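When we follow the numbering used here, the leftmost residue of the sequence shown carries the number 250, and every step to the right adds one.
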Amino acid sequence: MSLHKNKYRVNYKRDKILKHELNTDSENNFSNFCDKKIWNKTFWMTVFSSIIFSSFLILRHRKMLLRSYEEQKMSLFSETAFYFSFYDDIVNSSESIYNIIKKMISDDRTEYPDIINSLSRFNIYQEVILGILYKLFLEFYFKLKIIIHLIYSFINGEHLLKNTFGFNNLSSEFVFLSTPYNFYFFFVNSLLGIGMGVLCGTSTFIAGGSYISGLTCMGFLFANFRLRLLSRISSLPLRENFALPFIWINNMILISIIKYTNSRNQKKKWILLYFTSVILLEFWQFSAFVISTQILSVYALFLFGCDHSKLILILRKLIFFNMIAMFTSYLLHFFNYYILLTPLPQIGVSILLSISLCKILFKREKFSLLYSFTSGIISLALFLVFKLILNPFSDHDTHVFDMLKSAIFGQEFANFDTMIYKMGGSEFSFITKEQLEMIKNSGVLFIFIPGTFLILFSIIIDTANIRASKYFPYYKNIESSFSYQFEDCSQINDEISDSSSNSSIVSTTASYSPETAISLKQSSVHCSKNNLQDEYPKILKEKQSSYKNKKNLVLDKLYNINFENQDTAISFLTFQTIFFCLLAIIISRLRVLALPYIALVSSLFASRKYLSFIFNYYKPILLWIFRIKYNKNKAINPNKRYFNNRIAHFIFFATSIIFLFFSISKFPFSEIQTGLIPENNASSSKSRLVGWINSNLPNYTPILSDMVVSATLRLTTKSKIVTHPQYEHIKIRRRTQFMYSISACISLKELYETMQQQYKTEYLLLSIYRCAVPRGDKNIITMIHVTNFLDNINHRCNNQENIFQRTCWRIQLDSQSGYFDLVYRNAHYSLYKRKPIEDLKLVQTNIFVEKKNYNDFSNFSFKRKLLDWNESWKPWIMNHCIINDSFCPQNMVDYARIIIDIYNIIDVSKLLYEKAVSIFPNSSYVIFNYAEFLDYDIGDDQKRIFEKYNMSIELYKQETSKHNGSEVIEEESSSRIKLNQSYSLKMILGFILFSEQINGRTEFVINKSLELIFENELIKLISSNFEFKSLLRISEYLNSNKIINIDFDMCIVSLAYNTCMISSYLKTIEIESLRSKIIQKKYPSWLIKTVYNKLWKFSKLLDPNNVCIIKYWNLFHNVEKRKIDFIYSFFLF
C-alpha cells in the first residue's frame, strides 16, 4: 500500500512537471508572438512620425536654402560658425581626404600660434563624416543624374514633395546638393526628425504597441516646438542637434533590455548600445554627463529594490559597456584625457565597487533597506574621494561645476566662467518664467506632473511590499495569487512545491507590461476558482487563515494595491526624466534633454492598457480613502462581469482619445503663422568686413578677436585665429579673459606687448558690442558685469570708468600713445594694426606713457576726443577708408547711425554725417541716410529734408544710368560700389512716407511717387517677364544679379517687405482714384493694377508670412488671413 502511494505520488509529480513545461512553452510562444507584434507597431510608428517630423523641420526652415552659400555661412553665429568651418574646410578643399585629415591633426589656424590636433580637441567627427559624404556625392553626381531625373519625372509638380525633399524641375541638380550648407541642412534636420520618431516609437513600445500613445507623444512634441523651446535646430550645427537622436536611440535600447531581459537578441542590443554610446561621446562633449544620469537612474531603481536580481546584472553590463565606449572615445580623440576625468568613469567605478563591497558585507545581493542604504552611502563616498583625487588634474570641465555651484548656491560662487555663460541671455541660467509659461501652455505638464507622482508613489509602494514580503511571505504570496487570479482572470506565475515535509506556494512577483494583458486574456479560460482552490493543499489555507489574524492595516492596504508591480522600464524612464528636469531647471539650455522625455512619459497615460493598470493598482486605496467596502471574493455573474469590463474598457479608451486630441489641440500654430525665415546673423557689416579682409590681407594672417568674431573669421576667411568658442580648455579660457580685459581697463602697453610676445599677431579685431552696454532690461548680465570678475585685478576697472574710458575706446581715442592704427571700420567692427616698435618713438616725444599695471583711467577726457575730427576720425577716413575701402561712404554713415542707436550721442553722429556728405556729395546712399537722420533724429526743416530725399533718388537715377549706359566709369565703379537695386525700393518708400506726412496725398505727391515706382528698374523687371515656376530659380537669379545683396542688408525678407509695401500703396491709390473718379493719364488704373498684382504675388512667393503680407491681406483678398491660408503658405509655397 505504501509502495503504491509512493508510485502514485511520483507519477503525480511527473504529470505536474510535464503540464507546467507545456504551459511554459505555450506561454513563451505566445509571448514571442506578442513581442513581434509590438515591435512591428513600434517600427511603423517610428517610420511614420520620423517622416512627419523631418518634413516639418525642413519645411519650417526651408527659406534658408534660398540664400547664397556666402550668406548661409555668415548667418551662423559663434560656436555654430566654428563647427561648420571644419566642414567647410573639407568640402572646399581640392586635396585628398588623407591630406585634409592630416591638416586637422596639425592645425595652426585655430589656436594660433599653437599647433593643435582639432580632431582631439573638438567634437567635429560629424563634420568630417558629412564633408566626406558631400564630396562623394559630388564625385558620383553625374552618374546619379540620370536616376535622379528619372525619379523626379514621377513627381509631376507635387509642391509638398518638392518643398520637402528638395526637387527642382528646372534646375539641373538637387537642392540638397546646390550648396554644401544645403546638404548639411537636409542631413541634420532629417536626423533630428528620425530621433523624434524614435521617441514616438518608444512610447508605442513601452505602452505595449499603442498607436494612440505614439501619436500623443507626437502631439506633445509638436506642442513644445516653439521659439527654440524643444529644439535648437534653427542653430543647425550645435552639437546637441547631432547627439539628441542617439540619446533617444540609446535609451530606447536600454528600455528594451530592461523589459526583455531573457530575449535572444540581448547581445545585439548591448553591442548596439555600445556603438550609440560611442557616437554620443564623439558628437557632444556633454554626453558623458548624460550617460552618467542614465547609469544613476538604473542604480536608483536598484536601490529601490525594483527587479533587484535583474537590475544588478543590467547595471553591471551597462557600466561595463559604457566604460568600453568611453575608452573607445578616448582613442578616437587621440588620447585626450578630458573624457577620462568626467563624472562618467567616477560614477561607474564607484557603483561597481559599492556593489562588490556590499556583497562582501551582506554575503548576498538580496534587497533590503540596509543593503540599499549602505550601497548608496559607499558609492557616494567613493565618488567624492575620486573627485578629490582627480580634481587637480580635471581643469577642463571645472567651469561646468562652477556653473552648477553658482546656480544652486548663489552668486557668491560666481566667477568669470560662470558670468560669461550667463551674459546676454538665459540659455545658461535657470529656466525662465517665460519658458515655463510656454511649457505650461503646451498642456503637457497637466499630465506629466500627476502622472509622475503616480509612478513614483507606485515605486515606493512596490519597495514597501518587497520589504513586507520578507517578514510575511505567506500572506503576500497566497493572497496576491488569489486576488489576481479571481478578479482579473490573470495568468498565474505560481509554482506549487509538493513534498512530504513542506507544502507552499512560491510566487514570483510580476512586473506590469501591457503585452501580458493580452496573454492574460488568452489564458483566462483556464481560470476557474473551484479548480484552483481544490489544487491548493489544505495546510496552506490554514497558514493563510492563521496569518490573517496577525495582519495590520498598513500591510492590508499594500497587499490590496499590489496586483502587479510598476513596469521597471517605465520606472527607469521616469527617473531619467527627473534627472533631465533637474538639469534643465539649473541650466535652461538643457531643456532639450528634459522636454522630449516629459512628452514621452505623459504620452504613456494615453495608453488604454496602462490606464487600466494604474486604475487597478490604485483602486483598493481609493476604495479605502472613500470608505467603500468591496468584497473581492464575492461571486459575480459572468454576464455582469463582462458588461463591467466592457464599460471599463470604453472609459479607458475614451480617456486615451481625449488625451490624444488634447495633445494635438496644443499644436503651436504660431510656428506656421510666423515667418519661415530661420535665425539669420548675416549682416552688411559682417559681409563687408569679410570682403575687406579677403581683399586686403594675405591668407593665413593671424587676427586676435573675441570668440564669436573669431569663429566667423575661421569660416569665412583664411585668417588664423587666436580664440574660439570651444570653452572646454583652460588655455582658451585664459585667452578669452584676455580679450575681455580689452573691454575693461588693461593698459595699452600691456595689450601691445601681449599681442607681440605671446600671440605673435599684428591685427586686433573688436566688435562694437564688446564695448557697449545694451539698453533694456537692467537685470541682464552685460559685458560690464563680466569684466568685474576678471582673475587679473589689474585688468579690472576699479573706479567704474565710463564706457569711453575703457581700453576698447581708448585704443582709438588716445592717439597720443599711438600703439595701434585703425585700418578698417564699419558699423559693428573695428580692425586695428599693431604699430612696429620703431615707429612708436614714445620717449623722444616726451608724452604720457601708460604703466603696464595701471588701470585708473577715470580722468581720460573722452568727451573732447569724441568731437575732435582731426585727432579721432580723420586718420581712419582719410588714410584708410577712402583709399582701400570700396564701401567707405556706406560704412561712414552706418557707423554714424550705430553711434546713435547704441550710445545715443547725437553730436558725434552729426559730425560724421556732415563729414560724409562733404566727402561723398554724390552718393545716393549717404544723402538718403542723412535725410533719415535729419527726419527721425534731428527734426530739421521739412523742406530741407524733402530736398535731401528727392536728391538721393535723383542721384540713384544718375548712378544707374551711368552704370547701364557708359563704360567710361569702369575705373570709378571698381573702387566704389554702386547702390543695390533692392535698396532703391527702400529709398522710394522713404520718400513716399515723408512726402505724404508733410504734404498729404496730393496729386503732385501721387504723380511723383508713381513716377519713381514705374521707372524703377527692379519693378520693371518684376512686372514684365519675371515669372518662374520655381522659387529656387528666382532666388538664383536674385543672388547672381546682386538684387539680394547682404552688403546692403537686402535679403529675401527685406525685398519681400518692400515690394509688398509698394504693392499695397498702389492698391490704395487705385481705390482712391476709382472713388474720386480721377483717372491718371500717364499711369492708368489698369497699369497700376497689373503692377501691384505682380508685386503682391512676388512678395507672397518670397515670404508669404511677412508682416506686410499679413497686414494688407484683407486689402487684396477682402478677408483677414485665415488659418487655412497660413497652412497653405506653409506647405505649398
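Every residue gets a Cβ at the ideal spot worked out from N, C-alpha and C, and that includes glycine.
No experiment lies behind these values; they were computed from the predicted model shown.
Local Cβ density within 10 Å of residue i, reported as buried at 16 or more and exposed below that
i, result
"T712", "buried"
"R1371", "exposed"
"Y733", "Summary for Y733: the model assigns pLDDT 31, below 50, so the residue's position carries little reliability, and this model does not support an answer."
"N1178", "buried"
"L487", "buried"
"A903", "exposed"
"A1400", "Limits of the chain in this structure are 250 at one end and 1382 at the other, which puts residue 1400 out of reach."
"K508", "buried"
"K1009", "exposed"
"H898", "exposed"
"T681", "exposed"
"H247", "Coverage of the chain is limited to positions 250 through 1382, which leaves residue 247 absent and any answer about it impossible."
Simplified DSSP assignment, three categories, for residue i
i, result
"P1124", "helix"
"Y509", "coil"
"D356", "strand"
"P845", "helix"
"N814", "strand"
"W1376", "The identity of residue 1376 in the sequence shown is Ile, whereas the question assumes Trp. Helix, per DSSP."
"I364", "coil"
"L487", "coil"
"R477", "coil"
"E1264", "coil"
"F551", "helix"
"L1039", "coil"
"Q515", "helix"
"F389", "coil"
"G1188", "coil"
"T758", "In this prediction, T758 has a pLDDT of 39, which is less than 50 and means its spatial position is unreliable; nothing more can be read from the coordinates."
"K1331", "coil"
"L448", "helix"
"D1134", "coil"
"H310", "coil"
"E920", "helix"
"A1180", "helix"
Sequence-distant residues of its chain with Cβ nearer than 7 Å to residue i (five each side left out)
i, result
"N1363", "E1369"
"D1134", "W941, Y1073 and N1140"
"Y1377", "none"
"E1266", "T1209 and Q1230"
"P1138", "A1165, F1169, S1172, Y1174 and V1175"
"T329", "S484, L485, P486 and L487"
"Q825", "N500, T542, Q543, S546 and Y846"
Sequence-distant residues of its chain with Cβ nearer than 6 Å to residue i (five each side left out)
i, result
"I1237", "L1261"
"V691", "What sits at residue 691 in the sequence shown is Ser, not Val. A472, N473 and K915, listed in sequence order."
"M353", "S367 and L368"
"M467", "S298 and C449"
"K559", "T510"
"S621", "L552"
Those residues which DSSP pairs with residue i across a bridge
i, result
"D1070", "K1082"
"S1426", "No information on residue 1426 is available, as it lies outside the stretch 250 to 1382 that the chain covers here."
"M1299", "N1294"
"I952", "I970 and Y1012"
Cutoff 8 Å; reference residue i; Cβ partners in own chain excluding five residues on either side
i, result
"S1244", "F1195, Y1198, V1254, K1257 and S1258"
"L601", "R565 and I568"
"S578", "V527, L530, E531 and I588"
"L860", "F854, F901, T904 and S905"
"S1272", "T1339, V1340, K1343 and L1344"
Going residue by residue through the region 597–643, where are the continuous beta strand (DSSP E) segments of at least 3 residues, counting only ones entirely within it?
none
Output the residue ranges of the alpha helix (DSSP H) runs that lie fully inside the region 1141–1170 and measure 4 residues or longer, sorted by chain position. 1155–1168
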